[in-house]
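Here the numbering used here = 1-based position in the sequence shown + 18.
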Amino acid sequence: MWIMVVYILIVLVGETITVAIGLVLDRIFPSASLTVSLTLFFAILWLAWVLAVRLTEPKNAKTAKHA
């Protein structure tokens, strides 16, 4: 359950930044706005999951992995 909370928080922050970047690009370079926004949208979903897994990894698994 903790992993989902961490994932959702990372996604919320990341997608907020993505929307801000998309809005800025829409004013400066409208033709690239959609492409960049969609790419960042899906990249954030993937990256958030990778980060959530790493952040919520049990301490025992970290030490066993190095042994």
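Idealized CB from N, CA, C, for every residue including glycine.
These figures come from a predicted structure and were not determined experimentally.
- In this structure, DSSP gives THR74 a state outside helix and strand, which the three-state scheme calls coil.
- About 4 Å separates the beta carbon of GLY32 from that of ILE62, a gap short enough to meet the 8 Å contact definition.
- For PHE47, the three-state secondary structure derived from DSSP is coil.
- Collapsing the DSSP output to three states places MET19 in coil.
- ILE28 is positioned such that its CB atom lies closer than 8 Å to that of LEU69.
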